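Trainee: Protein chains in written order, with the numbering used here: chain A, 1 to 116; chain B, 1 to 112.
No residue lacks a Cβ here, since even glycine has one placed at the ideal position from N, Cα and C.
If you're wondering where the values come from, they're calculated on a predicted model, not measured in any experiment.
Below are the structure tokens for one structure; questions will follow.
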């Protein structure tokens, strides 16, 4: 089945630094990838939708200059958290759909970001 | 506005019992209704999904029941096992490739 590889699984960074999270679709081409944020014991909150070769579409309330999304190829999308602060500590998850497999969305394994 | 409402927030069931989770949606344009299972520290994994043209779908111990007129759908986990202890999310989307709207999640604990 479709696999989305997400790295790193965990990252700790100092306040004020930037962190990049990568998501790769391993066996399919993902024209669209979705980025979510999840706080403990809460649901997934969609942050943005990235489309290959174009600018990402951000959900209301998400700072596009803080959460930079790049989708340069059909198999790779990246989320960069810039000038991270402790309140950015969260679980970040990407998702993509294999258009050839119907409606199903495949999720990455998530990245636990801790800003100290 | 919460477009997909999920209940209960948590559920405790004995091994071998039935776990039932309910979701209600508001947007009649939704046409894809998946259920996801998530273990701590992991991404969600698709369990089972249904389209509005069928009222029930079963895969192994998991069954989705769908009521289009009531705008409700539910997940039944039969013969619940301790390994089923996880958080379950319902979701909905309109048309292929569009973003998913998630319910609030249900934490299920199956006691041995």
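Can you name, in chain order, every residue of its own chain whose Cβ lies under 7 Å from the Cβ of residue 114 of chain B, other than the five neighbours on each side?
Mentor: One cannot answer for residue 114 of chain B here, as it falls past the ends of chain B, which runs 1 to 112.
Trainee: Under 7 Å, CB to CB, which of the residues in the region 44 to 55 of chain A have a partner in chain B?
Mentor: Hits within the stretch, in order: 44, 46 and 49.
Trainee: Who are the near neighbours of residue 112 of chain A in its chain, counting only those whose CB is closer than 6 Å to its CB and skipping five residues on each side?
Mentor: If we look at residue 112 of chain A and ignore the five residues flanking it on each side, its Cβ neighbours are 10 and 91.
Trainee: Identify the contact partners of residue 108 of chain A in chain B, using a Cβ-Cβ distance below 8 Å as the criterion.
Mentor: Result: 43.
Trainee: Taking a Cβ distance cut-off of 9 Å, strictly less, list which residues of the region 78 to 98 of chain A are near chain B, in chain order.
Mentor: Listed by position along the chain: 91, 93, 94, 95 and 97.
Trainee: Determine the closest residue to residue 48 of chain B out of B:110, B:92 and B:99, with distance taken between C-alpha atoms.
Mentor: Selected option, being the one with the closest Cα: B:92.
Trainee: To which residues of the same chain is residue 115 of chain A closer than 7 Å at the C-beta, ignoring the five residues directly before and after it?
Mentor: Counting only Cβ-Cβ distances below 7 Å, and skipping sequence neighbours, we find 13, 15, 84, 85, 86, 88 and 89.
Trainee: Hey, how far is the Cα of residue 70 of chain B from the Cα of residue 21 of chain B?
Mentor: Cα to Cα, residue 70 of chain B sits roughly 16 Å from residue 21 of chain B.
Trainee: DSSP three-state label for residue 56 of chain B, please.
Mentor: Strand at residue 56 of chain B.
Trainee: Just by C-beta distance, which residues in the region 53 to 66 of chain B are closer than 8 Å to chain A?
Mentor: Per Cβ criterion, the list is empty.
Trainee: Helix, strand or coil for residue 119 of chain B? Go by DSSP, reduced to three states.
Mentor: Nothing about residue 119 of chain B can be reported from this structure: the residues present for chain B run from 1 to 112 only.
Trainee: Kindly indicate which three-state DSSP category residue 59 of chain A falls into: helix, strand or coil?
Mentor: It is coil, neither helix nor strand.
Trainee: Identify the residues that DSSP records as bridge partners of residue 51 of chain A: which are they?
Mentor: Answer is A:32, bridged to residue 51 of chain A.
Trainee: Compile a chain-ordered list of the residues in the region 80 to 91 of chain B whose CB is closer than 7 Å to at least one CB of chain A.
Mentor: So the close ones are 89.
Trainee: Could you compute how far the alpha carbon of residue 77 of chain B sits from the alpha carbon of residue 6 of chain B?
Mentor: Residue 77 of chain B and residue 6 of chain B: Cα-Cα distance of roughly 16 Å.
Trainee: Whether or not the region 56 to 73 of chain B and the region 98 to 106 of chain B are in contact is what I'm after, with contact meaning three or more pairs of Cβ atoms, one per stretch, closer than 8 Å; do they touch?
Mentor: Because the criterion of three Cβ pairs below 8 Å is not met, the region 98 to 106 of chain B and the region 56 to 73 of chain B do not touch.
Trainee: Which residues does DSSP list as the beta-bridge partners of residue 76 of chain B?
Mentor: DSSP lists B:20 and B:63 as partners of residue 76 of chain B.
Trainee: Going by beta carbon distance, what residues of the same chain come within less than 6 Å of residue 110 of chain A, once the five residues before and after it are set aside?
Mentor: These residues qualify, in order along the chain: 91 and 93.
Trainee: I need the DSSP call for residue 87 of chain A, collapsed to helix, strand or coil.
Mentor: Three-state DSSP puts residue 87 of chain A in a helix.
Trainee: Just to confirm, are residue 28 of chain A and residue 100 of chain A a CB contact at a threshold of 8 Å?
Mentor: Yes, the pair counts as a contact, with Cβ atoms nearer than the cut-off.
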